[in-house]
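In this note's numbering, the protein residues as written are 1 to 107. Here's the structure, in structure tokens; my notes come after.
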């Protein structure tokens with residue numbers, strides 16, 4: 001089954017009062033940190049569902065703060081864009097995600 005890669009971010013990161021819930025939710029989805037600093041405010045999630053469903057899963061229990069969680073799909077175009085910030089995740093995506101699953105929007 002094909003999967004999709006998503007960048008999931010939380011506004012204000014660890015300063016957000018609901019950070020613990022966010023961290024637990026993304027950890028349950030096997031999120032990976034984009035660098036060696038851990039999951040502060042951004043992580044990468046691999047999932048077979050659409051972005052709306054992933055946003056719902058990552059913001060479970062946040063009630064009033066659901067809009068603090070944003071989910072952006074990572075695609076071939078966003079990785080190749082010279083001005084895109086998804087290029088920062090290229091090493092993680094190529095070495096961790098691509099060898100083990102099928103991501104049609106990235107290849």
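Positions of the beta carbon are idealized from the N, C-alpha and C atoms, including for glycine. This structure is a prediction, so every number in the text was calculated from the model and none was measured.
Legend entry - Whole runs of the alpha helix (DSSP H) within the segment 11-55, excluding any shorter than 4 residues: 19-28
Inset, instruction - Would you decide whether residue 81 is buried or exposed? Buried here means 16 or more other CB atoms lie within 10 Å of its CB. - result: To locate residue 81, count along the chain shown from 1; it is residue 81. The residue is exposed, with fewer than 16 neighbouring Cβ atoms inside 10 Å.
Inset, instruction - Taking residue 73 as part of the beta strand (DSSP E), name the residues at either end of that continuous run. - result: The residue labelled residue 73 in the question sits at position 73 within the chain shown. Start and end: 69-74.
Inset, instruction - Could you name the residues of the same chain whose beta carbon sits closer than 6 angstroms to that of residue 75, not counting the 5 residues immediately before and after it, in chain order? - result: Walking along the chain shown from the start, residue 75 turns up at place 75. Closer than 6 angstroms at Cβ, skipping near neighbours: 105.
Inset, instruction - Let me know if residue 2 comes out buried or exposed under the rule of 16 or more other beta-carbons within 10 Å of its beta-carbon. - result: On the chain shown, residue 2 is found 2 positions in, with the first residue counted as 1. Exposed, since its Cβ has fewer than 16 Cβ neighbours within 10 Å.
Legend entry - Where residue 4 falls: helix, strand or coil (DSSP): By 1-based counting over the chain shown, the position of residue 4 is 4. Residue 4: strand per DSSP, three-state reduction.
Inset, instruction - Run the proximity test for residue 63: is its beta-carbon closer than 7 angstroms to any non-hydrogen atom belonging to the ligand PLP? - result: This structure lacks the ligand PLP; in fact it carries no ligand of any kind.
Legend entry - Selection from 52, 21, 12 and 73 that minimises the alpha carbon distance to residue 60: Residue mapping note: residue 60 aligns to position 60 of the chain shown, counting from 1. Selected option, being the one with the closest Cα: 21.
Legend entry - Sequence-distant residues of the same chain with beta carbon closer than 6 angstroms to residue 101, five excluded per side: By 1-based counting over the chain shown, the position of residue 101 is 101. Cβ neighbours of residue 101 beyond the five flanking positions: 3.
Inset, instruction - Please name the residue in 47, 41 and 15 whose C-alpha comes closest to that of residue 30. - result: Along the chain shown, read from residue 1 onward, the residue named residue 30 stands at position 30. Closest by alpha carbon: 47.
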